[in-house]
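If you read the protein sequences in the order shown, they are chains D and X. Per full-length UniProt numbering, the first sequence starts with residue 1, numbered consecutively. Per full-length UniProt numbering, the second sequence starts with residue 1, numbered consecutively. Each remark here refers to the structure printed beneath this line.
Number of protein chains: 2
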Amino acid sequence: MRRTALSSRGSSCIKSSFRPAVQAQVRWNASASSEPHQPDAKGTVKGAPAPAKTIEFTSNKYPEIKRDSKFATLTQEHVKYFQGLLGSESAVLDGVSKDASEDIEPYNSDWMRKFRGHAQLVLRPGSTEEVSKILKYCNENMLAVVPQGGNTGLVGGSVPVFDEIVISMQKMNKIRSFDDVSGILVADAGVILEVADNYLAEKNHIFPLDLGAKGSCHVGGNVATNAGGLRLLRYGSLHGSVLGIEAVLPDGRIMNDLVTLRKNNTGYDLKQLFIGGEGTLGIVTAISIICPQRPQAVNVAYFGLESYDHAQKAFRAAKTQLGEILSAFEMMDGRTQKMLRDVTGRKMPLEGEHPFYCLIETSGSNTDHDSEKLQNFLEHVMEQEIVADGVMSENQTQFADIWSCREGITEILGHWGGVYKYDLSLPIGDLYALVDETRERLTQAGLLGDSESHPVVDVVGYGHMGDANLHLNIPTRGYNKDVEKALEPWVYEWVQQKNGSISAEHGLGVTKKPYIGYSRDDTMIGMMKQIKNLYDPNGIMNPYKYI
Amino acid sequence: MRRTALSSRGSSCIKSSFRPAVQAQVRWNASASSEPHQPDAKGTVKGAPAPAKTIEFTSNKYPEIKRDSKFATLTQEHVKYFQGLLGSESAVLDGVSKDASEDIEPYNSDWMRKFRGHAQLVLRPGSTEEVSKILKYCNENMLAVVPQGGNTGLVGGSVPVFDEIVISMQKMNKIRSFDDVSGILVADAGVILEVADNYLAEKNHIFPLDLGAKGSCHVGGNVATNAGGLRLLRYGSLHGSVLGIEAVLPDGRIMNDLVTLRKNNTGYDLKQLFIGGEGTLGIVTAISIICPQRPQAVNVAYFGLESYDHAQKAFRAAKTQLGEILSAFEMMDGRTQKMLRDVTGRKMPLEGEHPFYCLIETSGSNTDHDSEKLQNFLEHVMEQEIVADGVMSENQTQFADIWSCREGITEILGHWGGVYKYDLSLPIGDLYALVDETRERLTQAGLLGDSESHPVVDVVGYGHMGDANLHLNIPTRGYNKDVEKALEPWVYEWVQQKNGSISAEHGLGVTKKPYIGYSRDDTMIGMMKQIKNLYDPNGIMNPYKYI
Numbered sequence: 001m002r003r004t005a006l007s008s009r010g011s012s013c014i015k016s017s018f019r020p021a022v023q024a025q026v027r028w029n030a031s032a033s034s035e036p037h038q039p040d041a042k043g044t045v046k047g048a049p050a051p052a053k054t055i056e057f058t059s060n061k062y063p064e065i066k067r068d069s070k071f072a073t074l075t076q077e078h079v080k081y082f083q084g085l086l087g088s089e090s091a092v093l094d095g096v097s098k099d100a101s102e103d104i105e106p107y108n109s110d111w112m113r114k115f116r117g118h119a120q121l122v123l124r125p126g127s128t129e130e131v132s133k134i135l136k137y138c139n140e141n142m143l144a145v146v147p148q149g150g151n152t153g154l155v156g157g158s159v160p161v162f163d164e165i166v167i168s169m170q171k172m173n174k175i176r177s178f179d180d181v182s183g184i185l186v187a188d189a190g191v192i193l194e195v196a197d198n199y200l201a202e203k204n205h206i207f208p209l210d211l212g213a214k215g216s217c218h219v220g221g222n223v224a225t226n227a228g229g230l231r232l233l234r235y236g237s238l239h240g241s242v243l244g245i246e247a248v249l250p251d252g253r254i255m256n257d258l259v260t261l262r263k264n265n266t267g268y269d270l271k272q273l274f275i276g277g278e279g280t281l282g283i284v285t286a287i288s289i290i291c292p293q294r295p296q297a298v299n300v301a302y303f304g305l306e307s308y309d310h311a312q313k314a315f316r317a318a319k320t321q322l323g324e325i326l327s328a329f330e331m332m333d334g335r336t337q338k339m340l341r342d343v344t345g346r347k348m349p350l351e352g353e354h355p356f357y358c359l360i361e362t363s364g365s366n367t368d369h370d371s372e373k374l375q376n377f378l379e380h381v382m383e384q385e386i387v388a389d390g391v392m393s394e395n396q397t398q399f400a401d402i403w404s405c406r407e408g409i410t411e412i413l414g415h416w417g418g419v420y421k422y423d424l425s426l427p428i429g430d431l432y433a434l435v436d437e438t439r440e441r442l443t444q445a446g447l448l449g450d451s452e453s454h455p456v457v458d459v460v461g462y463g464h465m466g467d468a469n470l471h472l473n474i475p476t477r478g479y480n481k482d483v484e485k486a487l488e489p490w491v492y493e494w495v496q497q498k499n500g501s502i503s504a505e506h507g508l509g510v511t512k513k514p515y516i517g518y519s520r521d522d523t524m525i526g527m528m529k530q531i532k533n534l535y536d537p538n539g540i541m542n543p544y545k546y547i
Numbered sequence: 001m002r003r004t005a006l007s008s009r010g011s012s013c014i015k016s017s018f019r020p021a022v023q024a025q026v027r028w029n030a031s032a033s034s035e036p037h038q039p040d041a042k043g044t045v046k047g048a049p050a051p052a053k054t055i056e057f058t059s060n061k062y063p064e065i066k067r068d069s070k071f072a073t074l075t076q077e078h079v080k081y082f083q084g085l086l087g088s089e090s091a092v093l094d095g096v097s098k099d100a101s102e103d104i105e106p107y108n109s110d111w112m113r114k115f116r117g118h119a120q121l122v123l124r125p126g127s128t129e130e131v132s133k134i135l136k137y138c139n140e141n142m143l144a145v146v147p148q149g150g151n152t153g154l155v156g157g158s159v160p161v162f163d164e165i166v167i168s169m170q171k172m173n174k175i176r177s178f179d180d181v182s183g184i185l186v187a188d189a190g191v192i193l194e195v196a197d198n199y200l201a202e203k204n205h206i207f208p209l210d211l212g213a214k215g216s217c218h219v220g221g222n223v224a225t226n227a228g229g230l231r232l233l234r235y236g237s238l239h240g241s242v243l244g245i246e247a248v249l250p251d252g253r254i255m256n257d258l259v260t261l262r263k264n265n266t267g268y269d270l271k272q273l274f275i276g277g278e279g280t281l282g283i284v285t286a287i288s289i290i291c292p293q294r295p296q297a298v299n300v301a302y303f304g305l306e307s308y309d310h311a312q313k314a315f316r317a318a319k320t321q322l323g324e325i326l327s328a329f330e331m332m333d334g335r336t337q338k339m340l341r342d343v344t345g346r347k348m349p350l351e352g353e354h355p356f357y358c359l360i361e362t363s364g365s366n367t368d369h370d371s372e373k374l375q376n377f378l379e380h381v382m383e384q385e386i387v388a389d390g391v392m393s394e395n396q397t398q399f400a401d402i403w404s405c406r407e408g409i410t411e412i413l414g415h416w417g418g419v420y421k422y423d424l425s426l427p428i429g430d431l432y433a434l435v436d437e438t439r440e441r442l443t444q445a446g447l448l449g450d451s452e453s454h455p456v457v458d459v460v461g462y463g464h465m466g467d468a469n470l471h472l473n474i475p476t477r478g479y480n481k482d483v484e485k486a487l488e489p490w491v492y493e494w495v496q497q498k499n500g501s502i503s504a505e506h507g508l509g510v511t512k513k514p515y516i517g518y519s520r521d522d523t524m525i526g527m528m529k530q531i532k533n534l535y536d537p538n539g540i541m542n543p544y545k546y547i
């Protein structure tokens, strides 16, 4: 890695010390799996520290949620129907599989070990028609269901709360088609994001979404949760890039909107309701999506800055000078970077300590042009004393190393026992003020400190600054009611006052359901409930969650 | 303009003859008004060849559409209510305005002179609250309404069929806010697109949508019709760029979803139903939209090609080599260019004749880089004998001149009396085959020829090839039932067989309502009707149209 000998005054020497970076095209393989203990493609948990059966039941953790008595409980007759339809390999009853290693607990609990349901049956349909028959039967028999993709969510949306039947999409994992003139990919919902992206890499294209869980998450789940991730700044939201969806409604109707057209103004764009619908209206069985050309050159730089105001100036300069090649602008506060160093013992890209850090990625079609743009940008931010210090990657190892300073944060925050996590959208100018105010609040309340007697270790902030998306995190020495009372609803009220969103990209699930009123008014919630009742009048789809 | 001395064999000399173009940043002013006779901001028609009152009534032209007797007819009491609410300047009754020049006919008819309604009352609310009171009253009194923006549509969606009250959004024309760090604009629905873009130009940003009618159309209308236009290839669809919508439902409820956040996963994305909803669920009163940095450099080139296959190769090469700076890829067949020359007597950019032409625009943040990319692209397409001849603009006049070869087509096609127009999405490989087959079909039927006895002049194709969007046009010497019988439903069946869309960007309105079944199956149409009945149970919003 080329460390720059830079101080803001030394800008005359920067031009030579900030050399054009070597392109590093395969970051997506190198740094994809920073999230710990995610289930793999088979739904089994790799390297989990303790069996899933030790996780507390969601029904105990949230005693205010009651099982809805309108739902039927599973009978031998139901099981017989599903095994007749799918075979016993794909309709797995807890504890009675022929395969002794088959344990359905990984389908009942999430990778964060925060949620655990009581499902007795997991169904793994292999076709849209099977999904249709399953849902029709469930709807007629008042059996509640929970659709499950890669089960990598953060809000408990993809696991049962009570005895909902899990419908796992993992067997629907075929890429259906790809057109290399238009760049349009059609894939089953259960295709793993990384598999889709690797497939596209061979065709010189790229999936317009990237996130830490890509080795496990399904493209159908990405769409159902409207995943945001690292490339939204460049490639936009799934509401724009998803061109078509095939989905099954609870009554078994198949919504065949799997078009491969960029433009189609023939009626209401119904598929949009399924993007971010979190499986509450139906099950997404396939998607069609427009994929950009894979960039020829990818560069990444890492900066230390003296304040959040400097980070904002850096973002504005990046937008102006890097223009169409800017593909990520991430912010990490100094506390996260110090923790990363202290917990892992790793060497950080910069030697000194700074209150803020930014990671800037560019992706473009011409290595020389991109390097020159980045060079001009670097000169500008140094001359203007916007950044204090910085490095650029010169090879793929360094590229992955810099990205791991951002992507490694999630994992180390759990080091002390627990983490309270908030995924918020805020006006960009107000983004970091919440972190400072939260820290101040918990300190004032005597909850934050260095000693074991304080439940809170620190309050830190990082996230997709280019999308005004803050991850506010409070690492703790264990979950604590006093901390929770100090945080909620205070954090949500703060966000509401700034017209922000209480869930930027992670969705509602179980966790955020009670708080939607902080981001949506009664009219909107009423309109949403009208939609839910319209398409899922029996309420069998992913109950106890969302709205 | 720099005409290249190019033949495919002479590629060695191209590098010097294809000089980097001068940037031309203000195309959007120079070539915006190519559509003839569009109403201006006041709803009056400029330069129309004959008074609106000579246009045939839609109710005569489509006798199969019957007025729904459930709707009330306008009474003195209704008028009194509206005049009390808005004042008589903003609740204009036909023929009784104090201002003698006020004629409501321009609100009753469209700029193509194809549609004309019988409205007696035009309402021009000045606030969202007024829109709410109007709709609530109309809903309670079973008065049908038609929302109207700039009235520049092509499918008769924005004018009444019978006596629907016109609700014009022209008085709601304020820009509410703009944030130059995030690039997010909030504007009333009635802001004219060009006004919004000029405002953004001062802030070094650009509206992510451009179309011929920009001098008249409203941003609210653009969103309500999900306008596509010239920049979709680069900036994506409004489903991705529109971040928030404020809309009024027929029962008067105000959907306040006017967020200024790029990410917000808190419930169903209801605003999407209003994007392309064509005013059938409610009235869009304001939008928030993310606007990119304005490009520093804009270049345009115009090519002659020997076949549609060559045009496809050129597109593929443009995607690869121009990458992130490609902002438009338009195709015009040789017939359109010959007509343009013959009808207008203008000089064309290239001297020879070619079966196909492409227009390629680049927009980027660095003039030199863009020119170099374009240069490399040009060398490639010449060396590979993909293009036969070409020119690049070197100044703004030439830039506008090249664009007028694309944008001027619409106007001249009406030269012989009438035009049958189809706006279709098709798989890119099949795009032009439909034009050839249509020409063959009409020729075989004896309907196409040079003499006055043949109703059809020719069959031509052009459009946004980069979006696989074909404008199939059939200029005629007058509207003719035999031609219509030969064209429909044959064209729609052809599109259906290719899984295309019968309306790529122009919407459904009156014209396409009967044909939606060619692009959507019964399940989807049924789901759409459920939505319509959910939010507009009385059906007062823009009746007789859409679905």
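Even glycine gets a Cβ: it sits at the ideal position worked out from N, Cα and C.
Interface partners of residue i on chain X, CB under 7 Å
i: D521/D; result: N256
i: A468/D; result: S182, L261, R262
i: S127/D; result: Those within 7 Å of S127/D in chain X number zero; the least Cβ separation is about 17 Å.
i: L534/D; result: Q530, L534
Within 7 Å, strictly: CB atoms of residue i and residue j
i: I283/X; j: V79/X; result: no
i: Y268/X; j: L232/D; result: no
i: L143/X; j: Y535/X; result: no
i: S168/X; j: V219/X; result: no
i: V155/X; j: G507/X; result: yes
i: V181/D; j: R316/X; result: yes
i: A301/D; j: G157/D; result: no
i: H118/D; j: D163/D; result: yes
Chain-ordered chain X contacts of residue i [CB-CB under 9 Å]
i: D269/D; result: N226, H239, Q272, L273, I275, G276, G277
Backbone secondary structure at residue i - three-state DSSP
i: A247/D; result: strand
i: N256/D; result: strand
i: Q496/X; result: helix
i: M339/D; result: helix
i: H78/D; result: helix
i: V22/X; result: Any reading at V22/X needs caution, since the residue's pLDDT is 29, under 50, leaving its predicted position unreliable; the model's value is listed next. In this structure, V22/X counts as coil in the three-state DSSP scheme.
i: V457/X; result: coil
i: K421/D; result: strand
i: A486/X; result: helix
i: L434/X; result: helix
i: N538/D; result: coil
Under 8 Å by beta carbon: chain X residues contacting residue i
i: Q293/D; result: K319, T320, G323
i: H354/D; result: The premise fails here: H354/D is roughly 21 Å from chain X at the closest Cβ pair, so nothing lies under 8 Å.
Per-residue contacts from residue i into chain D (C-beta, under 8 Å)
i: H369/X; result: N366, H369, E372, K373
beta-carbon residue i near the ligand PLP non-hydrogen atom, thresh 6 Å
i: F178/D; result: You won't find the ligand PLP in this model; it holds no ligand whatsoever.
query = When Cβ atoms are compared, which residues of the region 301-321 of chain X fall closer than 8 Å to chain D?
reply = For the region 301-321 of chain X, the set of positions with a beta-carbon nearer than 8 Å to some beta-carbon of chain D reads Q312, F315, R316, K319, T320, Q321 in chain order.
key: Residues of the region 489-507 of chain D whose Cβ lies closer than 8 Å to any Cβ of chain X, in chain order   = N499, G500, S501, I502, S503, A504, E505, H506, G507
key: Contacting positions in the region 420-446 of chain X - beta carbon closer than 9 Å to chain D   = D423, S425, L426, P427, I428, G429
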